[in-house]
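As structure tokens, the structure follows; a few thoughts come after it.
Protein chains: 4
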Amino acid sequence: MKVGIVGASGYSGEELVRLLAKHPDVELSMITSRQLAGQSASSVFPALRNMHEELVMSDSDVASLVASDIDLFFLALPHGVSVEYAKPLLEAGKQIIDLSADFRLDSADRYFEFYGEHPAPELLNQSAYIIPELADKSAFGFNLIASPGCYPTSLLVPLVPLARAGLINAQGIIANSMSGVSGAGKKLADTYLFAERNESVKAYGIPKHRHLSEVEEQLEKAFGAEAVIQFIPHLVPMNRGIQSSIIVKPKAGASLEQAYEAWEAAYADKPFVSILAKGQTPDTAEVVGSNRVDISIVEDMRTGNWIINSCIDNLLKGASGQAVQIMNVKYGFEETASLEP
Amino acid sequence: MKVGIVGASGYSGEELVRLLAKHPDVELSMITSRQLAGQSASSVFPALRNMHEELVMSDSDVASLVASDIDLFFLALPHGVSVEYAKPLLEAGKQIIDLSADFRLDSADRYFEFYGEHPAPELLNQSAYIIPELADKSAFGFNLIASPGCYPTSLLVPLVPLARAGLINAQGIIANSMSGVSGAGKKLADTYLFAERNESVKAYGIPKHRHLSEVEEQLEKAFGAEAVIQFIPHLVPMNRGIQSSIIVKPKAGASLEQAYEAWEAAYADKPFVSILAKGQTPDTAEVVGSNRVDISIVEDMRTGNWIINSCIDNLLKGASGQAVQIMNVKYGFEETASLEP
Amino acid sequence: MKVGIVGASGYSGEELVRLLAKHPDVELSMITSRQLAGQSASSVFPALRNMHEELVMSDSDVASLVASDIDLFFLALPHGVSVEYAKPLLEAGKQIIDLSADFRLDSADRYFEFYGEHPAPELLNQSAYIIPELADKSAFGFNLIASPGCYPTSLLVPLVPLARAGLINAQGIIANSMSGVSGAGKKLADTYLFAERNESVKAYGIPKHRHLSEVEEQLEKAFGAEAVIQFIPHLVPMNRGIQSSIIVKPKAGASLEQAYEAWEAAYADKPFVSILAKGQTPDTAEVVGSNRVDISIVEDMRTGNWIINSCIDNLLKGASGQAVQIMNVKYGFEETASLEP
Amino acid sequence: MKVGIVGASGYSGEELVRLLAKHPDVELSMITSRQLAGQSASSVFPALRNMHEELVMSDSDVASLVASDIDLFFLALPHGVSVEYAKPLLEAGKQIIDLSADFRLDSADRYFEFYGEHPAPELLNQSAYIIPELADKSAFGFNLIASPGCYPTSLLVPLVPLARAGLINAQGIIANSMSGVSGAGKKLADTYLFAERNESVKAYGIPKHRHLSEVEEQLEKAFGAEAVIQFIPHLVPMNRGIQSSIIVKPKAGASLEQAYEAWEAAYADKPFVSILAKGQTPDTAEVVGSNRVDISIVEDMRTGNWIINSCIDNLLKGASGQAVQIMNVKYGFEETASLEP
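Protein chains in written order, with our numbering: chain A, 1 to 341; chain B, 1001 to 1341; chain C, 2001 to 2341; chain D, 3001 to 3341.
See below:
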């Protein structure tokens, strides 16, 4: 099977290159980037040094993508740009796994509230939002699949099984997340310079970060009820990793044992979710480089709240690793192919 | 005036040395440390290279401290050890500013709940807990002053004026704080090795961190009501700095303008508190090296909560800088002497 | 084939666990550690979460290693301890790849000069020192193989082909290397605490770092002449990676083109050496996580010197990755099995 | 005395603001920046929060600088821009301390070789290059003073006394320096993004970094002979600090004791140079925040070389601190005013 990556100049594009270049079941036969077109891929990506020396970066023009013999495209494009590629590629019968926010929501109204007018709202219901551990098998049949955002993955993996099991309240959920700086992408702005972000931690994007839209839409499906989340993201001085600290109110009578049971039922045989033993809390350092989500839960007797912590690598389970995992499941490859558990 | 530092081998001890050595109004005439006794102070502390070359590290035995001509001692000792020094020094008529948790609480019961039996509970009411911007003038008259903890300072500075003004609820306060690794002290444990903490963020000390005891005691005084706080501290890979993200529920009818007014009333003429303009959030990088607290507030229309952010340097306003500020105010020195605003 | 890791509590031990657990051709059936004996391996190593849940950490007693059905042992033990295991294991017919310095030298005199009396000097000539790209095929036949040190690998890979080709002088070689802090191992000492090493760079181990012994022995073989190297190592605040800046004096008439030719001849078909294009210099960030060595060379017209730069991941090509590569070649597995180029 | 800072948007500009705002002997009455003109200085610089609230950022037009009542201007401008300001300001009788490279050389030919045509070569001999510990008293009388570069300061402070004393050879000096990322300035380029420079070390600017020009010119004066230096700078992942490892060849018969004597003679009473005890090597962490240079020397018996290490804070002794120190000496203020030793 031939795969292509559209828009490989950013951090998740680069991770896709690394993962797909060594994947045993697919051939990485196209990598596009406007800025880098014409350069050899092995000169652009250190991970390709000594590998794929024949591969040359292509321009990102839609017509040649449509005309190519690529079966599956990964779109690693900015929000609002993906849609311009998705439409013609779908019409040409290509399969798409999109890493942008363009197809993560069902509701055009919600999209409007957080991002503005959607340029192709009819596609919102022709696409599936897939966290592989939580999605229906049927979702993998869609030709257009939205790979979730990094913060949402860190929040939904621990929360959805508890919501589905009726153990926690939909209201009053509070999430504080800390992200490594690669989460901001490769943006040229003063604020992302080394000497600005090093030895610094700060909150940003409050009170209404865009990722809330997909978190709330997914939680409402899981709860069967409206969910308004208080979410505070922070930048911390490390390259990769997200740590989320989530405070939830258990329903009357719900016990921590039931919470563990709900997690076990959802994740017991899943290679990329690890439920930590009581007393342990996850550490981003333990998941960086892997596609794993590590989760823990503890009860605070003084407040009655449950405190949930989760960690992921924002560029792997939070972006490119999850996209490859989606492909693995969709095409029946080994789920862990090219990924570290 | 002659001052001494007892227990100078840790990070706050070292900061005290730096601040007091260059202080225009006091003479740093004694530095004690069991491990370092007998060495020249200028060989131990890089900040003293080329300075105070006559000063030799003393042993920490109580008798010689009592017999000395030092007027004021700063105790930079572990919790439970300070009390062993405070008692005889007080009896000998010395003044004390203590950086440990030994005298931060009024209530022996609360102390017991968080730390165990207090060895000298009678001292709890002979000592004052002082954040200089918030304490009564009378508090500075005590011979034994407890300098507050780092997390508590970052929480109490923004919260107390709002609590006193009756603008926020005592219940439902949630604080997530991120601390640089020096906050853990100079402890020899695997978990504090560079390669463990670098490129890592994790929550710890949940659900019942010891600093909750002083935060709650102080907030209860400010609210005139019980306050149970949900507090989640995190270690982030930087040397210094604390960022706190605090979620509070405003009282019915309370407005953000009133919150700013309460802050202005409390801090307008205070050199070490900076109320950020609307739309700005503080950054630890902007306070490291200074004794300042930067605070901001924003309303979340979706949840009805207020989000407060504050930043301090944990070793300065969170420890040694605040202790020096207490001395400056107590003795009528310039409040900013030896400190950067 | 069954493999075991002896002494897995340090950083290179942990990397060996990760690499061997996912290796397609071997079964990781024993991991020993005195401190961790009895614990499940998947609770000790995050990389084994959800994997190898049956594996329990063993004690490191020699008798049970000898009695086991393990074919090949990786020794990740401190210098001086490896030899205690190597002797009985060899006598029991086991194969050994040793990551310590115990068998890296041929000369007992040189060993004595840098490390003291060797406890089993007869083994020095029953062992092979193998950088796979540079060693004779015959070396892989030894039952006891010494995997090279991290600094030596970063120096020998670029230097040996130039020395063998007679292009550079054996005298006057000067190497300045910068290492991430994991290079110091998981040692509990003040100096390796996060807040000591972060935001810090310093030289150490001058003028006579122990790694000089193996560098000089190998270079003397390559030059056929005595080589005394000036070597200055430095610790820099990152987890992994070594960058070496090497200054050499070309022989009269030697050209940079000949240097590239010598490198090409040695490394053209090697998956783990990448010769950078003119004008590029290597970056540790580009090799961390891979088993690659990136090398570059430039001529300084003003001084007549050549400046060589090389980068490796100190825990992979500088330790555990190289050990696995040695195994791969020795047993005829794919050279890149379990390793990223 | 009134001072102004021209071009305060970069890192050394910001340090100048911090140092001059709290200086006891001068009034910081103008700060210019094209981008920031019109904003209040206290909103731009966190160090001015709660201070100098009256100060408004000015535009950088030459005419208004000339017309102002400022006595002394600090120029924190890019190379090639300073000269445009220096000329008219000098003609208007203003004093200038320039932090750029525009006036660091005497020789227009050397300037041409490293930077291109000098736009006002006649000024090269109307300006003085001043490292305060090494310059003649007469140099401070110049109206135009060039504050040295960061790497040159770290190299010249240890080398010049040894050169003047005739203890080392002018030829064969090799310097490897590691700089924190602020050394590159606040440049918007991919390579200076946090996620590019963090967890990375690399050499750059080889073989002919521009700072060589001033190092060699100053060393030639000290040696009275041509000096060609091999210099390799590296970027390491920290905000501030430079560590230089320098290899020199002692003259026949020269002893380490003589080296220490030469250093003592030059620096015994200097507050900002610290000669470390034998066996110690400097650490950037120990000088960051101070204006100090820490230096050490060791002899390598195997190679016959001396190894010198030095550390500075690149933004203080390497830039703005040194500029303020120059002012302090020039105007007879306390040499350490506003600076930490």
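Even glycine gets a Cβ: it sits at the ideal position worked out from N, Cα and C.
Remark: three or more beta-carbon pairs, one from each stretch, lie closer than 8 Å, so the stretch 1205-1217 of chain B and the stretch 1230-1248 of chain B are flagged as touching.
Under the 9 Å criterion on CB atoms, A:R197 is classed as non-interfacial with respect to chain C. The secondary-structure analysis by DSSP pairs D:T3032 across a beta bridge with D:V3006 and D:S3058. Only those residues of the stretch 2041-2067 of chain C whose C-beta falls short of 9 Å from the nearest C-beta of chain B would be listed, and there are none. Beta-bridge partners assigned by DSSP to A:I297: A:I308.
Counting along the chain, C:S2012 sits inside the alpha helix (DSSP H) bounded by residues Y2011 to A2021. Looking only at A:Q258, A:I31, A:S338 and A:I326, the smallest Cα-Cα distance to A:L134 is reached by A:I326.
Residues of chain C with a Cβ closer than 9 Å to the Cβ of B:K1186 are, in chain order, D2190, L2193, A2195 and E2196. The beta carbons of B:A1170 and B:E1226 sit about 7 Å from each other, so the pair counts as a contact at 8 Å. Within chain A, no residue has its beta carbon less than 7 Å from that of C:P2233; the closest one is some 24 Å off. Judged by their CB atoms, D:L3105 and D:L3077 are not nearer to each other than the 9 Å cut-off. Near chain D, meaning a CB-to-CB distance below 9 Å, the residues of the stretch 1285-1299 of chain B are A1285, E1286, V1287, G1289, S1290, R1292 and D1294. Cβ neighbours of B:Y1192 within its own chain (closer than 8 Å, five residues either side excluded): V1181 and A1184. Taking a C-beta distance under 9 Å as the contact criterion, B:S1033 and B:M1057 qualify as a contact pair. Between A:V287 and A:D313, the beta carbon gap of about 5 Å places them in contact (Cβ cut-off 8 Å). The beta-carbon of D:R3240 is placed no less than 9 Å from the nearest beta-carbon of chain B.
Its chain contains R18 as the residues whose beta carbon lies nearer than 6 Å to that of A:A47, once the 5 sequence neighbours on both sides are disregarded; these appear in chain order. C-alpha of D:L3235 to C-alpha of B:S1068: approximately 50 Å in a straight line. Short of 6 Å from the beta carbon of B:L1256, and not among the five residues preceding or following it, lie these beta carbons of its own chain, in chain order: E1299.
Here A:F114 is actually not in contact with A:I130; their C-beta atoms are around 20 Å apart, not less than 8 Å. Within the model, the alpha-carbon separation for D:H3118 versus D:G3080 is close to 8 Å. Residue state for A:M1 is assigned as coil, using DSSP reduced to three classes.
Straight across, the Cα-Cα distance linking B:P1271 with D:G3318 is about 30 Å. Neighbourhood of A:Y11 in chain D, by CB distance below 9 Å: A3195, in chain order. Counting only the Cα atoms, D:N3309 lies some 5 Å from D:S3296.
Only residues of its own chain outside the window of five on either side were considered, and among them P3282, D3294, I3295 and S3296 have a CB closer than 7 Å to the CB of D:L3276, listed in chain order. Just so you know, the alpha carbons of D:V3160 and B:E1015 end up roughly 34 Å apart. Distances from the alpha-carbon of A:G166 to those of A:R197, A:I173 and A:F223 put A:F223 closest. Between A:F74 and A:L89, the C-beta spacing is not below 9 Å. The beta carbon of A:Q35 sits closer than 6 Å to the beta carbons of S9 from its chain, once the five residues preceding and following it are set aside; these are given in chain order.
Bounds of the alpha helix (DSSP H) holding C:V2083 are S2082 to E2091. For A:S182, the chain D residues whose Cβ falls inside 7 Å of its Cβ are A3195, in order along the chain. Residue contact with chain B for C:P2078: absent (no Cβ-Cβ distance below 9 Å to any residue of chain B). For C:M2178, the uninterrupted beta strand (DSSP E) run begins and ends at I2174 to S2179, by DSSP. C:F2103 and A:S179 have their C-alpha atoms some 44 Å from each other.
Just measuring C-alpha positions, the residue of C:E2216, C:P2237 and C:Q2243 sitting nearest C:A2195 is C:P2237.
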